[in-house]
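First up is the structure itself, then whatever we jot down about it.
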Amino acid sequence: MIPLVFGITIVLFAVIQAAPGGPEGALLETGRFIDPEVIEAYRERLGVDQPVPIQYVRWIGGAMRGDLGISFSTTRPVSEMIIERLPATLELMGASFLLAALLAFALGTLSAVKQYSWFDHLGTGFSFVGIAMPVFWFALILQLVFGVWLQWLPVAGTQTVGATSVTDHVLHLVLPTVVLSLRYVAGWSRYLRSSLLVALRTDYVRTARAKGLSEVAVVCVHAARNALIPVVSVMALNLAGLFSGAVITETIFAWPGIGRMFVQAMFARDYPLLMGILLLGSVMVVFFNLVADIAYGILDPRIRYE
Amino acid sequence: MLAIAVGACSSGSEGGAPRGRSGADDPDRPKILRVAYTREIDVLNALTSQNLVDIQFSMVEGLVTTNENNDYIPVLAKQIPTEDNELIVVNDDGTVTMTWPLQEGVRWHDGEAFTAEDVCFTWRFVSSAGSQVYNRNQYLGIVACETPDEHTVEFTWTSVLGYYAGLFEAILPEHVLGGMSTEEIITYVPYNRGDALVGTGAFRFAEWRSGEYIRVVRNDDYWRGPEYPAIDEIVWSFIPDSNTRLNSLKAGQHHFGQIEPTQVEEMAAVDGYGVHLVSQNSFMHFDLSLNTAHARLLFGERDVRQALFHAIDRPAIADLLMQGTVTVADSPLHPSSPYHNEAAPSVAFDPELANRMLDEAGWRRGSDGIRVLDGERFTFKMLNRAGTADRIAVAQVIQAQLKDVGVEATFETLESAAWTQRWRSGEWEALVSAWFLPADPAITGLYACGGPNNMTGFCDRELDELMVRSDGFLDFDRRKQALDEAQVSLAASARSLPIYYNVVPEVVSTEVGNYRGSGTNFGSFWNLWQWTLGS
């Protein structure tokens, strides 16, 4: 795992630096005249006037000691900024994952059990719409309906300033969670339906039915457990996707997570902050793959790792 | 400043101002102003921040600010020095002595007295190497800062700088930052983040929740008097998406927010808010370059450039594309500036004339309708900055209109940082861009030969002489005359076509009083100490 992450950092650093433009672009963003000497002094202070390999060696040296560097734009330690924002992203990811998993399981199972019924057709239609619908458009529609017209839910942020109640926070969480989970509900329910349809036609399921087990036990205990193996694999990989998907959702809902910070860092060419966030993303991808492997073993005892 | 109320209606109905949350109607509840701000800022040091510094100016003050009329007005200075009030004296050796009398009885938020030493400290920081202050070079003419007494600052300038009034927009506290190196001040997190930030402004720093908001609270010891400010608290929520800002305003969650010109009509229909079109000291323009051999071939002749400009219908861009929210520009200097020259030549939309001029220049239409000269097609690339919808839309109109006169413009769109790098390298042929000018305009850096922000490759010694001359006058009439001539000369050279003066629509709740929108780099919050909140 460590060599893999190490390799990833080299690729990421090279890709980030290959993008044209540098952090000095931020100095001209407001459209004010600027002294070119200020630009050169800025680049020198940040160390971006040095060759890329030297910059990398400096960065990885620090990273190995747990120092991810200082953000170019905020002058704060990157690790501190990430730690500050991580809970909001994890909360949004967790809530979306749970909601998506619950709905996908219910939809996928019912669609498979009632194949070609009106419910199944409705589920298929929902999936296509859910996968095809642009996230930002869906988010704005929800804001308009539930925030502006009905005034049931807040449009942006995590908490009304001054309010400390859990209810207030949960209300802020609803819209971004629904938006972020939609695509995954649609996708995962389709995977589960297909997988479950195959499982329901296998010999062991027929045997279970012949033994006189109830339909619920047959579907939920015997068939679903096997059917979940490919779905879990997709879900684990999608967890990292949830992390990147949060970029748009967090920006639209002004959710103070890592995703929004990443967008700002990208436009500001804040290399240390970008590297810190991408490193975290890489570790998460590797970690969730490990989680998927462990989950296989739990779902199917025949799968064992040495 | 042009602040046109597009819509302001009664409160209390659906979509109104923050409902029951501002405390405006309940004398016992704090009056909280909620602002939907366009972005999260980088640092709270107003001099080293690379963003616009509205939030900082609620806490930090400078010697001057600008009002809604684009005029400099004193803040921590008692008055702005001029030759007339004898606070500026040109010495026999050509140096200039400039005296700034300061307000008395001003205290920093931690109770320390504000003195002339703080001003000198700020000057030493800004002019130090590597200070990262965007207009540092404008301070370099000051060679000495003296403090005859606690409330008087005396600068010695090597020579006259005509736009001196725009400097010292923020003053740093010496008792907090003194003794640190330039690098240490730039990277001093407690000040940048707010914990150690002290200003002299109407509000004090209270809280910065990363990614969410900055909260400032009333400064009970404000030097203008105990009745100021009238608001107890301001919450600056960071909402970068313009659609979300619009929705949050429509949902009544904020008192103030900036929206896009295309959203004006929708917001104007919402009760409880007024939409103010604040004309900015910023102008959209179409620049041509002479940096590459191909660009020199196309744009080397003045008449050819002029012909291209005649092919562009600026009134249509202003009235149709920008839905009448902006006004056509003929000069970089805003009409509200006393230095604006009404007589600067305007380029009329005349495609017939454009065709004739191009024909006369030898550019004849080829078989595909695009003009050709000596085997070279009249085709060039326009550099677009991704994410700037207004600029790209203007570029598309220009592209279509140039095609009508047989000129082909293709696009190359780059993301912001990449665009800036390309612009600085000079490796481009044409672009649509915008500059933000200070209230006292100095355009030398933008148009002078080798000027720090002149990336076009154009060089006109005659224009240079006019601009440099204008920078060296303290007398208004003489400075205006030089700038008037410079604006005419600039228009005559047909190197850059001003298109329109930018407008920022600001949505303000009808609960807010004393809002006076300003389009300078000081922004519309310049008089926050006067704002009120109540129905």
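As given, the protein sequences belong to chains U and V, one line each in that order.
For reference, each letter of the first sequence is one residue, going 8 to 313 in our numbering.
For reference, each letter of the second sequence is one residue, going 345 to 879 in our numbering.
Idealized CB from N, CA, C, for every residue including glycine.
Item	Value
Note down, in chain order, all residues in the stretch 730 to 762 of chain V with a beta-carbon under 9 Å from any beta-carbon belonging to chain U.	Gly731, Leu758, Glu759, Ser760, Ala761 and Ala762
Taking the C-alpha atoms as reference points, what is the distance between valine 162/U and isoleucine 558/V?	18 Å
Is the beta carbon of alanine 774/V within less than 7 Å of some heavy atom of the ligand GDP?	As far as ligands go, the structure on display features none, and thus does not contain the ligand GDP.
Note down, in chain order, every chain V residue with its Cβ under 8 Å from the Cβ of proline 279/U.	Chain V residues near proline 279/U: none, gap ~13 Å exceeds 8 Å.
Might you give, ordered along the chain, the residues of its own chain that have their beta carbon closer than 7 Å to the beta carbon of valine 225/U, omitting 5 neighbours on each side?	Val212, Ala215 and Arg216
May I ask you to report which of helix, strand or coil DSSP gives serine 557/V?	Here residue 557/V turns out to be tyrosine, not serine, going by the sequence shown. Here tyrosine 557/V sits in strand by DSSP.
Which term fits glycine 506/V, buried or exposed, when burial requires 16 or more other beta carbons within 10 angstroms of its beta carbon?	buried
Within a Cβ cutoff of 7 Å, which residues of the same chain sit near valine 542/V, ignoring the five residues on either side of it in sequence?	Trp452, His453, Asp454, Pro517 and Val520
Measuring only between beta-carbons, confirm whether methionine 345/V sits less than 8 Å from chain U.	Note that methionine 345/V has pLDDT 35, beneath the 50 cutoff, so the model's placement of it is unreliable and the number below is only indicative. With 8 Å as the cut-off, methionine 345/V does not count as an interface residue toward chain U.
For tyrosine 303/U, which residues in the same chain have their Cβ closer than 8 Å to its Cβ, ignoring the five residues on either side in sequence?	Ile236, Val239, Ser240 and Ile310
Quick check: the Cα distance between arginine 468/V and asparagine 389/V, rounded to an integer number of angstroms?	15 Å
Any idea if serine 623/V is buried or exposed, counting beta-carbon neighbours within 10 angstroms, 16 or more meaning buried?	buried
Whole angstroms is fine: what's the gap from serine 402/V's alpha carbon to serine 777/V's?	30 Å
Here's the rule I'm using: 16 or more other beta-carbon atoms within 10 Å means buried, otherwise exposed. How should aspartate 210/U be labelled?	exposed
Which residues, in chain order, does the stretch 62 to 89 of chain U contribute to contact with chain V at a C-beta distance below 8 Å?	Ile77, Ser80, Thr81, Thr82, Arg83 and Met88
For arginine 232/U, does the three-state DSSP call read helix, strand or coil?	helix
Considering only residues of the same chain and omitting the five flanking positions on each side of serine 221/U, which have a CB-CB separation below 8 Å?	none
Any C-beta of chain V within less than 9 Å: which residues of the stretch 23 to 51 of chain U qualify?	Ala26, Pro27, Gly28, Gly29, Pro30, Glu31, Gly32, Ala33, Leu34, Leu35, Glu36, Thr37, Gly38, Arg39, Phe40, Ile41, Asp42, Pro43, Glu44, Val45, Ile46, Ala48, Tyr49 and Glu51
Of all Cβ atoms in chain V, is any one closer than 8 Å to the Cβ of isoleucine 259/U?	yes
According to the Cβ coordinates, are alanine 457/V and valine 497/V closer than 8 Å?	no
Terminal residues of the continuous beta strand (DSSP E) containing lysine 725/V?	723 to 729
Ignoring anything shorter than 4 residues or poking outside the stretch 697 to 757 of chain V, list the alpha helix (DSSP H) runs there in chain order.	733 to 748
Does lysine 594/V have its Cβ less than 8 Å from a Cβ in chain U?	yes
Along the alpha helix (DSSP H) that carries arginine 52/U, what are the first and last residues, could you check?	43 to 53
Could you give the distance in angstroms between the alpha-carbon of phenylalanine 630/V and the alpha-carbon of proline 842/V?	6 Å
Is it true that the CB of glutamate 645/V sits closer than 8 Å to the CB of alanine 687/V?	no
What residues of chain V sit near glycine 164/U, judged by a beta carbon separation below 7 Å?	Glu556 and Ser581
In chain U, which residues lie less than 9 Å from asparagine 536/V when you measure between Cβ atoms?	Thr81, Thr82 and Arg83
From aspartate 703/V to proline 58/U, what does the alpha carbon distance come to, in whole angstroms?	51 Å
Going along the chain, which residues of its own chain have a beta-carbon closer than 8 Å to the beta-carbon of isoleucine 348/V, five neighbours each way excluded?	Confidence in isoleucine 348/V is poor, its pLDDT being 38 and thus under 50, which makes the residue's placement too unreliable to answer from.
So proline 84/U and leucine 53/U are in contact, right, with Cβ under 8 Å, and what is the actual spacing, rounded?	With a Cβ gap of about 15 Å, proline 84/U and leucine 53/U do not count as contacting.
Could you pull the start and end residues of the beta strand (DSSP E) that leucine 775/V belongs to?	774 to 780
Look up valine 295/V in the DSSP assignment and give the residues it is bridged to.	The displayed coordinates of chain V run from 345 to 879. Any statement about residue 295/V would go beyond what the structure contains.
Spatial neighbours of aspartate 74/U within its chain, please: C-beta separation below 8 Å, excluding the five flanking residues on both sides.	Pro84 and Ser86
I want to verify the contact list: residues of chain V whose CB lies under 9 Å from the CB of methionine 140/U, in sequence order.	The premise fails here: methionine 140/U is roughly 16 Å from chain V at the closest Cβ pair, so nothing lies under 9 Å.
Name, please, each residue of chain U whose Cβ falls closer than 9 Å to the Cβ of glutamate 527/V.	Arg52
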